[in-house]
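Peer 1: Once you've had a glance at the structure underneath, I'll fire off some questions.
Number of protein chains: 2
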Amino acid sequence: MATTIKDIAKYTGLSISTISKYLNGGNVLERNKELIEEAIQTLNFRVNEMARGLRTSRTMTVGVLIPSLENIFFTSIVSNIESVLLKEGYSTIVCDYKEDHQLEEQKLQFLFDKMVDGIVLMPLPDNDNLVKEIIARKIPLVLIDRMISNVNCDVVLVDNLNASYDAVEQLIIRGHRRIGIIAGPQNVYTAQERLKGYIRVFEDYGLKVDSRLIKQGDYQIESGYHLLQELMKIEQPPTAVYVTNYEMTIGSIIAINENNIKIPDEISFIGFDNQDLARIVKPALSIVVQPVQKIGETAAQVLLKRLKKDLRGFPLVARLKTQLLIRDSIKKVEG
Amino acid sequence: MATTIKDIAKYTGLSISTISKYLNGGNVLERNKELIEEAIQTLNFRVNEMARGLRTSRTMTVGVLIPSLENIFFTSIVSNIESVLLKEGYSTIVCDYKEDHQLEEQKLQFLFDKMVDGIVLMPLPDNDNLVKEIIARKIPLVLIDRMISNVNCDVVLVDNLNASYDAVEQLIIRGHRRIGIIAGPQNVYTAQERLKGYIRVFEDYGLKVDSRLIKQGDYQIESGYHLLQELMKIEQPPTAVYVTNYEMTIGSIIAINENNIKIPDEISFIGFDNQDLARIVKPALSIVVQPVQKIGETAAQVLLKRLKKDLRGFPLVARLKTQLLIRDSIKKVEG
DNA sequence: TTGTAGGCGTTATCAA
DNA sequence: TTGATAACGCCTACAA
């Protein structure tokens, strides 16, 4: 049906192996090179990746396993990974495991079956065995957004701790002392880090942390909505609040609007991740911006490096910096 | 390296072809069946999809090509497609073309190279040639959210026209006459349909359409934000507004909050797609809900059917109904 | 029901 | 530089 190397051979009068060699960058006489090129064009030839894969046991396919396809943070990363890989001829198989332990395992098995050449994984907590199994199979692996102790493996992280640190520090510098935080689920690595940063900056400034100002949400919109209102209802409400992810930031803003709370007069605000929202809300919201594009690109690049058997710098820990956008949602508090 | 049929043959003392037949559902003696099963378990055998693919020229892979991976509407659909396909052993290669004509073509070529068995496509306007090429290659294709005239091909659509019709009709029934619409870009099929529904219901009720109440946005948050404010600033502002997609609904709500416009007293509101938002905003928002899950599932099921060479009902046009959730954001207007 | 043998399209080894 | 040939792991007549 489709044209094969054999057809090119016939067309050019050369042998199959010469064509194959040319295809793989070997040396061929200039004259033949042109001839082959011509044949490829006119016969519209494309290598059969499957035959090649069978022979080389490389699929030129990378598996990306994420918690959910219904979360823009993850899919944006995937989008960037895919862009980079595509340029090198790799295709991306995306699986999501719907935040489910069992599914995570099952989909991983699926990627094994597909014989992906490499894997990018954003793992669930407490599933270190999966990571170990990938490594045991010697499949190049890049972890995103999570470190696993005692496991050697390339990782792309965001410096969440200092992201929080910097954000909260700006509030402190501007005179705030009662600063609320809407933190995430503490079995999630990033959420732990973001809370740690909050606590550390208080320590560094010799301030005491008031545990009533620490609210733990679940990274969902509702969380932000409810917890912000809880924060405002406590005896001495905070003068500033720091919300630690996209969804909860939306929820908080909705709560703030609904309760007619004035930013920054009644509360100073730093949110997370949501650039669109931040740009639109008046006054413009201050936010922590994660380098989504860079996360994806870095992960893809590291993986490509490993796929090329380049093991320099292994295990690499890329710790990407967030950006703190200070806008109009922060007020100075007179000491 | 990995165990092959050959290994199973050795272990069981049977021949390769017997094993193969068993693997493909053929008849084998009960005794041998158990033996083979045992071998598969202990040797941890998995068929080599590539070898199989080379032989059968089936990859058990489906390509899904969407405009963007950074839009939750699309990725939710992908998520559901993937779930259904996975159960049948198909893997999903997701590509996005970042709303770019050229990229769309390039990524499609990529899917061809990967020899996907089928394709699910959410096409850009004015790229009918791509669709035709897929069909010319006899690759099973399911189109989502867009019809192409003069082309025979399975399609999964949402009945956007009647979605709008029903929504606006509810406003009319409750006495509204000046109803604003924030429509989408008119080169997009769904956006056309949604506007048509608005116009048709006015006609059916013998009411005149005031073109000043029709605003055309670009399906982005900013659009909603600005256009809602424009609507409220015209001489006789609308008593109700209907916003025709997710992002613009967010934008509109932000504008409404910011300008302290009271829902439903100052304006009745029907939004689109955003269930989370709708649930949280007070008063609860009325919205048009697209059957995201069903879109994905239907597309996957139709494709699976075609992949099994079942051509009954071709070309199928699945026209899925939206759901109109009436909540507290609509006020009755006294005639 | 089981086994034999040929071939899917490619790469890789080795000779020429 | 080029070509003949043997795999890669599987499926599928066909024969037993």
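Order-wise, the sequence lines are chains A and B.
For the first sequence, the residue numbers in my numbering are 1 to 335.
For the second sequence, the residue numbers in my numbering are 1 to 335.
Backbone N, C-alpha and C fix where the C-beta goes; we use that ideal spot for every residue, glycine too.
Model, not experiment: these values are computed from the prediction.
#1: Assuming S211 of chain B is part of the beta strand (DSSP E), what are its boundary residues?
#2: Quick one, are the C-beta atoms of I77 of chain A and A299 of chain A less than 9 Å apart?
#3: Out of curiosity, what's the CA-to-CA distance linking F73 of chain A and E30 of chain B?
#4: Between the beta-carbon of V168 of chain B and the beta-carbon of I179 of chain B, is there less than 9 Å?
#5: Grouping DSSP H, G and I as helix and E and B as strand, with all else coil, what is S286 of chain B?
#6: Which of the residues in the region 105-118 of chain B, read from start to end, lie with their CB under 7 Å from any CB of chain A?
#7: Out of A:R174, A:Y246, A:D96, A:V64, which has the shortest C-alpha to C-alpha gap to V142 of chain A?
#8: For a test of the three-state rule: what should DSSP assign to V28 of chain A, helix, strand or coil?
#9: Mind checking the region 267-297 of chain B against chain A and listing, in chain order, the residues whose C-beta falls within less than 7 Å of any C-beta there?
#10: Under 8 Å between beta-carbons, which chain B residues line up against L307 of chain A? List them in chain order, please.
#11: What does the alpha-carbon distance come out to for the pair K282 of chain B and E258 of chain A?
#12: Count the other CB atoms, across all protein chains shown, that sit within 10 Å of the CB of H226 of chain A; report buried if there are 16 or more and exposed otherwise.
#13: Quick check on DSSP: helix, strand or coil for D159 of chain B?
#14: Sort out for me which residues DSSP pairs S91 of chain A with in a bridge.
#15: Output yes if chain A places a C-beta closer than 9 Å to the C-beta of R177 of chain B; else output no.
#16: Closer than 9 Å, CB to CB, is C153 of chain B near chain A or not?
#17: List the residues of chain B whose Cβ lies closer than 7 Å to the Cβ of G251 of chain A, in chain order.
#18: Under the assumption that T92 of chain A contacts V62 of chain B (Cβ atoms under 8 Å), give the Cβ distance between them as a whole number of angstroms.
#19: Taking 7 Å as the limit between beta carbons, can you name the residues of its chain near T3 of chain B, skipping five residues before and five after?
#20: Rounded to whole angstroms, what's the CA-CA distance from Y90 of chain B to F110 of chain A? Just pull it up for me.
#21: Give me the chain B residues within the contact set of V51 of chain A, using Cβ-Cβ distance strictly less than 7 Å, ordered along the chain.
#22: Using a Cβ-Cβ cutoff of less than 8 Å, which residues in the same chain neighbour I40 of chain A once the five nearest sequence positions on both sides are dropped?
#23: Classify A2 of chain A as helix, strand or coil using the three-state DSSP reduction.
#24: At the level of alpha carbons, what is the spacing between K308 of chain B and P140 of chain B?
#25: Can you grab the Cα-Cα spacing for the pair V292 of chain A / Q192 of chain A, in whole Å?
#26: In whole angstroms, what separates the C-alpha of E297 of chain B from that of N80 of chain B?
#27: Using a Cβ-Cβ distance cut-off of 9 Å, determine whether K6 of chain B contacts chain A.
#28: Kindly list, in the order they appear in chain B, the residues whose Cβ is closer than 9 Å to that of Y225 of chain A.
#29: Which residues bound the alpha helix (DSSP H) around S252 of chain B?
#30: Rounded to whole angstroms, how far is the Cβ of N150 of chain A from the Cβ of G197 of chain A, which I believe are closer than 8 Å?
#31: Within 10 angstroms of the Cβ of T56 of chain B, are there 16 or more other Cβ atoms? Answer buried if so, exposed if not.
#32: In terms of residue numbering, what span does the beta strand (DSSP E) encompassing F272 of chain A cover?
#33: Buried or exposed: G13 of chain A, going by 16 or more other Cβ atoms within 10 Å of its Cβ?
#34: So, does the CB of D361 of chain B fall closer than 9 Å to a CB anywhere in chain A?
#35: Per the contact definition of three or more C-beta pairs closer than 8 Å, is the region 309-320 of chain B in contact with the region 274-288 of chain B?
#36: Excluding five sequence neighbours on each side, which residues of the same chain lie with their C-beta closer than 8 Å to the C-beta of R137 of chain A?
Peer 2: In terms of the structure at hand:
#1: Segment: none, S211 of chain B is in no beta strand (DSSP E) and carries neither H nor E.
#2: yes
#3: 51 Å
#4: yes
#5: strand
#6: F110, D113, K114, M115
#7: A:V64
#8: coil
#9: D276, I280, V281, K282
#10: Neighbours of L307 of chain A on chain B: none; closest Cβ ~17 Å, over 8 Å.
#11: 7 Å
#12: buried
#13: coil
#14: A:T61
#15: no
#16: no
#17: I280
#18: So it is not a contact: roughly 14 Å between Cβ atoms.
#19: L43, N44, F45
#20: 10 Å
#21: In the sequence on display, residue 51 of chain A carries Ala and not Val. The answer, in chain order, is L54.
#22: I8
#23: coil
#24: 10 Å
#25: 19 Å
#26: 6 Å
#27: no
#28: I280
#29: 246-258
#30: Not a contact, Cβ separation roughly 24 Å.
#31: exposed
#32: 268-272
#33: exposed
#34: Beyond the ends of chain B as shown, which are 1 and 335, falls residue 361 of chain B; an answer cannot be given.
#35: no
#36: F112
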